[in-house]
Amino acid sequence: MFEALSDRLESAWKTLRGQDKISESNIQDALREVRRALLEADVNLQVVKDFIEEVRESALGAEVITGVQPDQQFIKIVHDQLVEIMGATNEPLAESNKPPTVILMAGLQGTGKTTATAKLALHLRKQEQTSLLVATDIYRPAAIDQLVTLGEQIDVPVFQLGTDANPVEIARQGLAAAREQNVDTVIVDTAGRLQIDPEMMSELADIKKAIKPDETLLVVDAMTGQEAANLTQTFHDQIGITGAILTKMDGDTRGGAALSIRQISGKPIKFVGVGEKVEALQPFYPDRMASRILGMGDVLTLVEKAQEEFDIADAEKMQKKIMEAQFDFTDFLKQMRLLKNMGSLGGVMKLIPGMNKISNSQLQEGETKLKQTEAMINSMTKEERKNPQLLSNSPSRRRRIAKGSGYTQNDVGKLVTEFQRMRSMMQQMGQGQMPGMSPAGGG
Ligand code: GDP
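The sequence shown stops at residue 444 when you use the numbering used here, and every number in between is there.
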């Protein structure tokens with residue numbers, strides 16, 4: 002599931018790779034690719050249009066984050082927009098403060114409504130909640146039998162009055178029985194049709210009026226694709242839903258329905274069905290789903306980290322230290338780790354004005370040097386890190402660090418000299434004594 006969508010989106014990121022920043026002109030191609038990818042995943046056209054518009058606005062309004070490439074930033078924006086249309090977190094089932102909680106199941110025939118009814122009961126039982134299932138599908142005797150069989154399988158009682166009773170009456174009596182038996186939740190399964198038809202809708206509306214459910218869950222088959230949008234719209238307009246269960250997510254679906262439901266109805270997907278077995282039900286987590294669609298977990302973490310780590314207060318503190326020549330090996334290590342956390346040195350260097358022409362071999366050299374430096378600093382004592390002068394004056398200290406880090410005394414000596422030169426240069430820069438240097442962050 003969603004693999005095709007992930008593959009497709011890959012071309013969208015490609016169009017931005019290697020660019021300096023996101024701009025009106027370079028984002029057109031990327032947006033076109035996202036649009037194509039969503040349409041191929043069977044997402045409803047109107048939903049796609051709204052989605053693209055939102056992404057465009059966020060992308061053009063986004064501030065450049067130091068250490069993050071435009072394509073990475075764009076992935077994050079698309080991700081956030083996916084979360085936006087699917088909902089940020091899982092929304093649990095409503096719970097009535099006057100039990101039983103009443104859940105009404107709605108949906109077309111064959112979508113997995115009856116199966117989902119049993120799945121929900123099992124889910125609740127695992128949370129130590131009791132339920133009663135109510136069978137109102139009098140049109141297909143097999144439907145009642147199916148629910149009874151499922152109920153036996155999970156050891157949950159089923160209320161039924163056969164096929165001669167009126168569905169509204171069955172629902173009403175089922176609810177009364179649930180009250181009498183003091184169960185926590187009553188789940189009412191209803192008749193579906195192959196297509197939306199007025200009779201089914203009016204029967205559903207009548208049942209709803211009779212039992213006043215806390216939840217009206219629309220069961221949608223994930224294979225429905227584009228049609229899911231119309232279906233959701235119709236059910237929501239005519240019955241009023243509070244959420245949805247998306248079934249058959251284990252199958253060969255392109256997944257488009259997952260993006261349409263909340264966008265169309267404003268109501269969340271609460272669960273997904275991932276198999277025929279009664280255990281195969283999972284709470285729906287929009288944020289996880291969005292990451293799966295993009296298949297880009299690392300990039301998302303990277304961008305979030307960069308956003309967090311470059312916090313202004315920290316930067317100001319560092320600047321003050323630089324100006325006062327207090328920048329020590331500990332600060333240096335911290336800055337280096339920051340670079341490392343954010344991925345390659347190359348990625349970060351390219352953001353520094355004038356550095357984008359740096360060659361690959363120079364970059365590699367830089368990375369090796371960083372590793373070497375880190376190893377040496379790690380072998381220093383706290384005192385030495387704070388006061389590099391200690392190292393200038395003591396060959397025995399340098400020898401110990403060389404041994405600890407696996408480099409030569411000469412390497413350690415060089416690091417100390419370079420560090421001190423860098424520190425005094427930084428101090429001069431900080432005090433504005435370097436003619437021709439523009440302040441950082443201006444590009
Ligand atoms: P209803 O007519 O809406 O009540 O649908 P059923 O509950 O009878 O399900 C129709 C078919 O879909 C049955 O064969 C179920 O086993 C199957 N089914 C239901 N949910 C899922 C699911 O999440 N994954 C898969 N693969 N099959 C499912």
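Where a beta carbon is used, it is the ideal one built from N, C-alpha and C, also for glycine.
Taking 8 Å as the cut-off, the C-beta of Ala229 does not count as close to any heavy atom of the ligand GDP. When DSSP reads this structure, Ile246 sits in a beta bridge with Val220, Phe272. Your pair Phe52 and Leu61 does not check out as a contact, with CB atoms roughly 15 Å apart and the cut at 8 Å. At least one heavy atom of the ligand GDP sits closer than 8 Å to the Cβ of Gln110. Leaving aside the five residues that flank Thr217 on each side, the residues in its chain whose CB is nearer than 7 Å to its CB run, in chain order, Leu105, Ala107, Lys209, Ile240, Gly241, Ile242, Thr243. Beta-bridge partners assigned by DSSP to Met426: none are found. Using a C-beta cut-off of 8 Å, the stretch 253-263 makes contact with the stretch 218-231, since at least three inter-stretch Cβ pairs fall below that distance. Using a cutoff of 8 Å, the CB of Ala172 does not count as near the ligand GDP, since none of the ligand's heavy atoms is closer than that.
Counting along the chain, Met290 sits inside no beta strand (DSSP E); it lies in the alpha helix (DSSP H) bounded by residues 287-295. By the Cβ rule, the stretch 84-103 counts as touching the stretch 181-200, because three or more pairs are nearer than 8 Å. Of Arg386, Ile197, Arg263, Arg194, the smallest CA-CA separation from Asn45 is found for Arg263. In terms of side-chain proximity, the C-beta atom of Thr225 is found no nearer than 8 Å to any non-hydrogen atom of the ligand GDP.
Excluding five sequence positions before and after Lys114, the CB atoms of its chain that fall closer than 7 Å to its own CB belong to Met106, Gly108, Asp190, Gly193, Val220, given in chain order.
Here DSSP, grouped into helix, strand and coil, assigns Ser362 to helix. Between the stretch 68-88 and the stretch 147-165 there are fewer than three C-beta pairs closer than 8 Å, too few to call the two in contact. DSSP places Phe160 in the strand class (E or B) of the three-state scheme. DSSP, reduced to helix, strand and coil, places Gln283 within a strand of the structure shown. For Lys210, the distance from the CB to the nearest heavy atom of the ligand GDP is not below 8 Å. Within the DSSP bridge table, the entry for Leu133 names Val187 as partners. Excluding five sequence positions before and after Leu176, the CB atoms of its chain that fall closer than 7 Å to its own CB belong to Val103, Val187, Ile212, given in chain order.
For Asp198, the shortest separation between its Cβ and any heavy atom of the ligand GDP does not lie below 8 Å.
Residue Gln73 holds the alpha-carbon nearest to the alpha-carbon of Asp21 among Leu10, Gln73, Val56, Arg57. Taking the Cα of Tyr286 as reference, the smallest distance to any Cα among Glu280, Phe272, Glu277, Val279 is reached at Phe272. Around the Cβ of Lys268, a 10 Å sphere holds 16 or more other Cβ atoms; the residue is buried.
For Val84, the secondary structure class from DSSP, reduced to helix, strand or coil, is helix. Sixteen is the threshold: since fewer than 16 other Cβ atoms of the shown chains lie within 10 Å of the Cβ of Ala166, the residue is exposed. With a cut-off of 8 Å, the C-beta of Met250 is classified as near the ligand GDP, since at least one heavy atom of the ligand falls inside that distance.
Of the other Cβ atoms in all chains shown, fewer than 16 fall within 10 Å of the Cβ of Ala143; this residue is therefore exposed. Rounded to the nearest angstrom, the gap between the Cα atoms of Gly252 and Val275 is 8 Å. In terms of Cα proximity to Ser425, the closest of Phe328, Ile378, Ser395, Val49 is Phe328. The three-state reading of DSSP puts Thr233 in helix, counting H, G and I together. Following the DSSP letters along the chain, one finds Val103 in no alpha helix (DSSP H) but inside the beta strand (DSSP E) bounded by residues 102-107.
Going by beta carbons, Glu385 and Ile402 fall inside the 9 Å limit.
In the three-state reduction of the DSSP assignment, Gln70 falls in the coil class, being assigned neither a helical nor a strand state.
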